[in-house]
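Taking it in order: structure first as structure tokens, then the write-up.
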């Protein structure tokens, strides 16, 4: 299944113009493979440095998974919104910032604007919109995603917003994905 | 590591639900089910409407219900999160999933609360939090304007654990976060600041404030790298 997903991801991403902003909606079965395939494409194939925002998996778990799949994690700057609330603040790394919580959107906004302005990165991956909606109210999330996409366009960067299909109401998907160039369902 | 794997292999998890009354239950638990399967724990999800054979075999009288079989011995949990608690605290990823589950459940409960004032919230939560393992609930501080709250209670999780230097009731903190997100109408999270395992006579939880200065400092450090 992972090989199939990788092929699908490559085909979809190859067809997009430069500096694309997409929402990728997936089932829970494909989610992990899809996530890795996207990072693999952006980092290993396109050689782009990027920001990985994780809302439900701690930095340690994410980086181990990516390393296992042969992804060059030195090119990625991680923003970990979950470790502090599950009591894992001790882990501090040079390429990771631990936010106070997944609802600390002001903090996340600051990290994003500073990182984007630094010209050190070329893309952002948000993992995931569905978890962001668990921890935040719908209108707050919509406003934040709008802000995020505005910043991505301002700095001419690519953005990938991942989401699990099961957690999303179609009304919410529409209100958020209207800002994206394309919605891909895998 | 090998011993731990053997221990994991012997376990079996059965989750019973009713497709008639709990159609969304599978959505809520799908991440934890995936996680258990990745750990090679034999995990079955059983719809009591379609599988009467299992219902009779395990004497199921109510749902949702989670059964853990360890070396043939059966442990029943009427609250699946309570049952998953031990299994999901094996590693950080599991803790992350447990946090999402607890927060979701808390928000569900928070939506049902009709009261918005301190005394009313305290009384209402005192009645319902007992079943979630937090007794003698007290709302010590409450400021709706600043989305701030400090709460205290006696936690079942801490009561059954031995001594520890660090707090252990993070799943209760997640549950409280979900409830107060609905009360404040803004995403908030709680951190356990005092825990009974540390020798205190009760557990204390406080809303986390965003530390913007710390974050700015960390980003600057990264950019200079």
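Residue numbers (the numbering used here), protein chains in the order written: chain A, 1385 to 1570; chain B, 443 to 667.
Glycine included, each C-beta is placed from N, C-alpha and C at the ideal position.
Bear in mind that the values here come from a model prediction, so they are computed numbers and not experimental data.
- What's the C-alpha gap between residue 1360 of chain A and residue 483 of chain B? Outside the shown range of chain A, which is 1385 to 1570, sits residue 1360 of chain A, and nothing can be said about it.
- Query: So, residue 1483 of chain A versus residue 1464 of chain A, is the Cβ gap smaller than 8 Å?
  - Reply: Reading the first chain from its first residue, position 99 is the one you call residue 1483 of chain A. Reading the first chain from its first residue, position 80 is the one you call residue 1464 of chain A. Yes, the pair counts as a contact, with Cβ atoms nearer than the cut-off.
- Item | Per-residue burial, residue 1427 of chain A [other beta carbons within 10 Å of its own, 16 or more giving buried] | Residue mapping note: residue 1427 of chain A aligns to position 43 of the first chain, counting from 1. With 16 or more other Cβ atoms within 10 Å, it is buried.
- Message: What does the alpha-carbon distance come out to for the pair residue 616 of chain B and residue 1407 of chain A?
- Response: Locating residue 616 of chain B in the second chain gives position 174, counting from the first residue. Locating residue 1407 of chain A in the first chain gives position 23, counting from the first residue. Counting only the Cα atoms, residue 1407 of chain A lies some 28 Å from residue 616 of chain B.
- DSSP state of residue 1521 of chain A mapped onto helix, strand, coil: Indexing the first chain from 1 puts residue 1521 of chain A at position 137. Residue 1521 of chain A falls in the coil class under three-state DSSP.
- Item | Whole-Å CB distance - residue 669 of chain B paired with residue 633 of chain B, under 8 Å assumed | Chain B is shown only over 443 to 667; residue 669 of chain B falls outside these bounds and no answer can be derived.
- C-beta contact flag for residue 629 of chain B and residue 1519 of chain A at 8 Å: Here the question's residue 629 of chain B lines up with position 187 in the second chain. Here the question's residue 1519 of chain A lines up with position 135 in the first chain. Yes, the pair counts as a contact, with Cβ atoms nearer than the cut-off.
- Three-state class that DSSP yields for residue 595 of chain B in the structure shown: On the second chain, residue 595 of chain B is found 153 positions in, with the first residue counted as 1. Three-state result, residue 595 of chain B: strand.
- When the cut-off is 8 Å and only beta carbons count, does residue 465 of chain B lie next to chain A? Here residue 465 of chain B is taken as the residue at index 23 of the second chain, counted from 1. So, not an interface residue.
- Message: Between residue 1566 of chain A and chain B, is the shortest Cβ-Cβ distance under 8 Å, so that the two count as touching?
- Response: Translated into the one-based positions of the first chain, residue 1566 of chain A becomes position 182. The beta carbon of residue 1566 of chain A does not come within 8 Å of any beta carbon belonging to chain B, so the residue lies off that interface.
- For residue 526 of chain B, collect the residues of the same chain with a Cβ closer than 6 Å to its Cβ; drop the 5 residues on either side in sequence, then sort them by chain order. Position 84 of the second chain, counted from the start, is the residue given in the question as residue 526 of chain B. Excluding five sequence positions before and after residue 526 of chain B, the CB atoms of its chain that fall closer than 6 Å to its own CB belong to 474, given in chain order.
- the stretch 544-570 of chain B: which residues have C-beta closer than 9 Å to a C-beta of chain A, in chain order? Legend: CB atoms of the stretch 544-570 of chain B lying less than 9 Å from CB atoms of chain A belong to residues 545, 546, 549.
- Item | Residue interval of the beta strand (DSSP E) (run including residue 648 of chain B) | Locating residue 648 of chain B in the second chain gives position 206, counting from the first residue. Looking at the DSSP string, the run of the beta strand (DSSP E) that includes residue 648 of chain B is 645-649.
- Report the neighbours of residue 631 of chain B on chain A: residues whose CB is nearer than 9 Å to its CB, in chain order. Locating residue 631 of chain B in the second chain gives position 189, counting from the first residue. Ordered by position in chain A, the residues that pass the 9 Å Cβ test against residue 631 of chain B are 1468, 1469, 1484, 1485, 1486, 1487, 1488, 1519.
- Query: Taking all protein chains shown into account, do 16 or more other C-beta atoms lie within 10 angstroms of the C-beta of residue 546 of chain B, making it buried, or fewer, making it exposed?
  - Reply: Your numbering for residue 546 of chain B matches position 104 in the second chain. Looking at its Cβ environment, which holds 16 or more other Cβ atoms inside 10 Å, residue 546 of chain B is buried.
- Which residues in chain B sit within 8 Å of residue 1445 of chain A, going by Cβ to Cβ distance? In the first chain, the residue the question calls residue 1445 of chain A occupies position 61. Residues of chain B passing the Cβ test: 533, 534, 535, 538.
- In three-state terms, what does DSSP make of residue 585 of chain B? Along the second chain, one-based indexing puts residue 585 of chain B at 143. Note: residue 585 of chain B maps to strand in three-state DSSP.
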